[in-house]
Structure formats: C-alpha cells, structure tokens
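J.: Sequence lines, in order, name chains Y and R. Position 36 (the first sequence) corresponds to 49 in the working numbering; numbering is contiguous. Position 101 (the second sequence) corresponds to 103 in the working numbering; numbering is contiguous. Virtual Cβ for every residue (Gly too), placed ideally from N, Cα, C. Here it is, the structure, as structure tokens.
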Amino acid sequence: QKEVEQNSGPLSVPEGAIASLNCTYSDRGSQSFFWYRQYSGKSPELIMFIYSNGDKEDGRFTAQLNKASQYVSLLIRDSQPSDSATYLCAVALNQAGTALIFGKGTTLSVSS
Amino acid sequence: DTEVTQTPKHLVMGMTNKKSLKCEQHMGHRAMYWYKQKAKKPPELMFVYSYEKLSINESVPSRFSPECPNSSLLNLHLHALQPEDSALYLCASSQTSGSQETQYFGPGTRLLVL
Numbered sequence: 014q015k016e017v018e019q020n021s022g023p024l025s026v027p028e029g030a031i032a033s034l035n036c037t038y039s040d041r042g043s044q045s046f047f048w049y050r051q052y053s054g055k056s057p058e059l060i061m062f063i064y065s066n067g068d069k070e071d072g073r074f075t076a077q078l079n080k081a082s083q084y085v086s087l088l089i090r091d092s093q094p095s096d097s098a099t100y101l102c103a104v105a106l107n108q109a110g111t112a113l114i115f116g117k118g119t120t121l122s123v124s125s
Numbered sequence: 003d004t005e006v007t008q009t010p011k012h013l014v015m016g017m018t019n020k021k022s023l024k025c026e027q028h029m030g031h032r033a034m035y036w037y038k039q040k041a042k043k044p045p046e047l048m049f050v051y052s053y054e055k056l057s058i059n060e061s062v063p064s065r066f067s068p069e070c071p072n073s074s075l076l077n078l079h080l081h082a083l084q085p086e087d088s089a090l091y092l093c094a095s096s097q098t099s100g101s102q103e104t105q106y107f108g109p110g111t112r113l114l115v116l
C-alpha cells in the first residue's frame, strides 16, 4: 500500500512568520512530488512541483526534497492570511501513467 | 491558459436517475483524470485516460462509467448511485500521462445523491 503522510494540523502561524509543512511517502521509487493548495469548497490549485533532491524556490514558497529520507516539505515565507487553506502533498506513483496519491492535507491558519 | 472547465457546478440526483458530468480542456493535453473527494478527505483517483484510451480504473463501481469522446472532452456517466457517492468530483488534465507531468484541476462538480 503506497502511502503519503501529512500532519493534519491545524498549523497556526502569525502573519509574517514562516509556515513549515511536511510530508513523508512510502514508495522509495517515487520520482515526482507536488504541493497543492485547496481553499474550502474549491478545487486543488498547484503551488509547486519538485523532482530533484534539494530546494526549489518560487516567490514566497520553497519546496524541499530528500529522497533518502523519503521526505518532502513546503516552506511559506512571510505568511499571509490569504495563505490559510489546506495544503495537499501529492506523489506520482512510479508506474506507467500518472496516478497522484494525495496525503490527507495540512490545514494552515495564518492570523493577522 | 491552464483552464479545465466542468459542468454542472452542482448536481442533485435521485438513486434511480441517470446523469452525466462533463469536463473540457483546450490546452492540448492528452491525459485526463477523474477524482472523487469526500468532505475533509484528499482526492482519490477514479480513472485515467491517456490519448483517449482508458489506462487506469481504480476498481470503481460500474455505476460510474467514464467516456472520452475526443482529446478535449471527458464525461462521467452516473447511474443508480448511492447516497454515499455524494462528493466533489474533480476532473484534471496533464500534457501526457508521464509521472513528471503536472495535473491541473477543474473547479469540480458537487454531487448530492438523495
């Protein structure tokens, strides 16, 4: 059973702080990792993807991947109240045809 | 443009009804997906179409019947659903079905089965 684990939260941070969201996965052969943001009642929206070990930065967002530890994280710098949402970690199965396995999501609350 | 559209936005149906959900993209993507999402749960994959052919069926009950009439359209035909099938049904598409392809989600159809 391939699994993706996330702390469901809620994770509460003050405005301007760094929010750190973590995800672990069970399939050592996984190659592709995605972070989606989902507001209540809306569909998932892609934030970042990462394929290689190390850090990848895009604006206020940094994704970190450590394949040896089977760990991927998302850092949100200068958190804003508008960042309050559920963040879903998704891993593409290592097989022909993309099937995303999602973690249960971490709910982030940014207080002003 | 990374837009995937879905219709209808909301659907209420009885257990004896037949209805269809529609998904459309004009990004030239050749892979399309159906996911089901229950409240406070992550999306769960139902079907994958690659180049208009069904490539993954995640053991979905036969009361759900997917159809991909062309490369831009994806339908999900519903028949004799159960109340537990009430959920948000999400369509997604990607350039191809390769594992490094980003999937873009539509806004979803919120389905209520009475």
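CA-CA distance, E103 (chain R) and K20 (chain R)?
T.: Taking the first residue of the second sequence as position 1, residue 103 (chain R) is located at position 101. Taking the first residue of the second sequence as position 1, residue 20 (chain R) is located at position 18. Rounded to the nearest angstrom, the two C-alpha atoms are 33 Å apart.
J.: In chain Y, what lies closer than 9 Å to S95 (chain R) by C-beta?
T.: Here the question's residue 95 (chain R) lines up with position 93 in the second sequence. Scanning chain Y for C-beta atoms nearer than 9 Å to the C-beta of S95 (chain R) yields nothing, as the closest lies near 11 Å away.
J.: For the 8 Å Cβ check, are there 3 or more pairs between the stretch 11–19 of chain R and the stretch 46–54 of chain Y?
T.: no
J.: Counting only beta-carbon separations shorter than 8 Å, does T9 (chain R) have a partner in chain Y?
T.: Your numbering for residue 9 (chain R) matches position 7 in the second sequence. By this cut-off, T9 (chain R) is not an interface position.
J.: Answer with buried or exposed for A41 (chain R), where buried requires no fewer than 16 other C-beta atoms within 10 angstroms of its C-beta.
T.: The residue labelled residue 41 (chain R) in the question sits at position 39 within the second sequence. Exposed, since its Cβ has fewer than 16 Cβ neighbours within 10 Å.
J.: Please confirm if Y64 (chain Y) has its CB atom under 8 Å from at least one CB of chain R.
T.: If you number the first sequence from 1, residue 64 (chain Y) lands on position 51. Yes, contact with chain R.
J.: If you measure between the beta carbons of M34 (chain R) and S95 (chain R), is that distance less than 8 Å?
T.: Position 32 of the second sequence, counting from 1, holds the residue named residue 34 (chain R). Position 93 of the second sequence, counting from 1, holds the residue named residue 95 (chain R). By the CB criterion at 8 Å, M34 (chain R) and S95 (chain R) fall inside the cutoff.
J.: With distances taken from CA atoms, which of Y:Y38, Y:G54, Y:P27 and Y:S124 is nearest A89 (chain R)?
T.: Your numbering for residue 89 (chain R) matches position 87 in the second sequence. Ranking the options by Cα distance to A89 (chain R), first place goes to Y:G54.
J.: Could you say which of Y:R41, Y:Q93, Y:A112 and Y:T120 lies nearest to G29 (chain Y) if we only look at CA atoms?
T.: For the purposes of this step, residue 29 (chain Y) is taken as residue 16 along the first sequence, with counting starting at 1. From the listed residues Y:R41, Y:Q93, Y:A112 and Y:T120, the smallest Cα separation to G29 (chain Y) is found for Y:Q93.
J.: If distances are taken between C-alpha atoms only, which option among Y:Q83, Y:I60, Y:I31 and Y:S65 comes closest to K15 (chain Y)?
T.: In the first sequence, residue 15 (chain Y) corresponds to position 2, counting from 1. Taking only the C-alpha atoms, the option nearest K15 (chain Y) is Y:Q83.
J.: Mind checking the stretch 103–114 of chain R against chain Y and listing, in chain order, the residues whose C-beta falls within less than 9 Å of any C-beta there?
T.: So the list reads E103, T104, Q105, Y106, F107, G108, P109, G110 and R112, given in the order they occur along the chain.
J.: So that I know if they touch, is there some Cβ in chain R lying closer than 8 Å to that of K117 (chain Y)?
T.: Position 104 of the first sequence holds residue 117 (chain Y). Yes, its Cβ sits closer than 8 Å to a Cβ of chain R.
J.: Check the Cβ of P45 (chain R) against every Cβ in chain Y and list those closer than 8 Å, keeping chain order.
T.: The residue labelled residue 45 (chain R) in the question sits at position 43 within the second sequence. What P45 (chain R) touches in chain Y: P57, L101, L113 and F115.
J.: Q83 (chain Y) versus chain R: which residues are under 9 Å apart at the beta carbon?
T.: For the purposes of this step, residue 83 (chain Y) is taken as residue 70 along the first sequence, with counting starting at 1. Those within 9 Å of Q83 (chain Y) in chain R number zero; the least Cβ separation is about 16 Å.
J.: Can you give the Cα-Cα distance for D68 (chain Y) and D40 (chain Y), rounded to whole angstroms?
T.: In the first sequence, residue 68 (chain Y) corresponds to position 55, counting from 1. In the first sequence, residue 40 (chain Y) corresponds to position 27, counting from 1. Their Cα atoms are separated by approximately 20 Å.
J.: If the cut is a Cβ gap below 9 Å, which residues of chain Y does V62 (chain R) touch?
T.: In the second sequence, residue 62 (chain R) corresponds to position 60, counting from 1. Those do not exist, as V62 (chain R) stays about 13 Å from chain Y at its closest Cβ, beyond 9 Å.
J.: Which partner residues does H81 (chain R) have in the DSSP bridge list?
T.: The residue labelled residue 81 (chain R) in the question sits at position 79 within the second sequence. According to DSSP, H81 (chain R) bridges with R:K20.
J.: Is there a C-beta anywhere in chain Y that falls below 8 Å from the one on L76 (chain R)?
T.: Translated into the one-based positions of the second sequence, residue 76 (chain R) becomes position 74. Taking Cβ atoms only, chain Y never reaches closer than 8 Å to L76 (chain R), which makes this a no.
J.: Pull up the distance between the alpha-carbon of T37 (chain Y) and that of I63 (chain Y), whole angstroms please.
T.: Reading the first sequence from its first residue, position 24 is the one you call residue 37 (chain Y). Reading the first sequence from its first residue, position 50 is the one you call residue 63 (chain Y). The alpha-carbon atoms of T37 (chain Y) and I63 (chain Y) are separated by roughly 14 Å.
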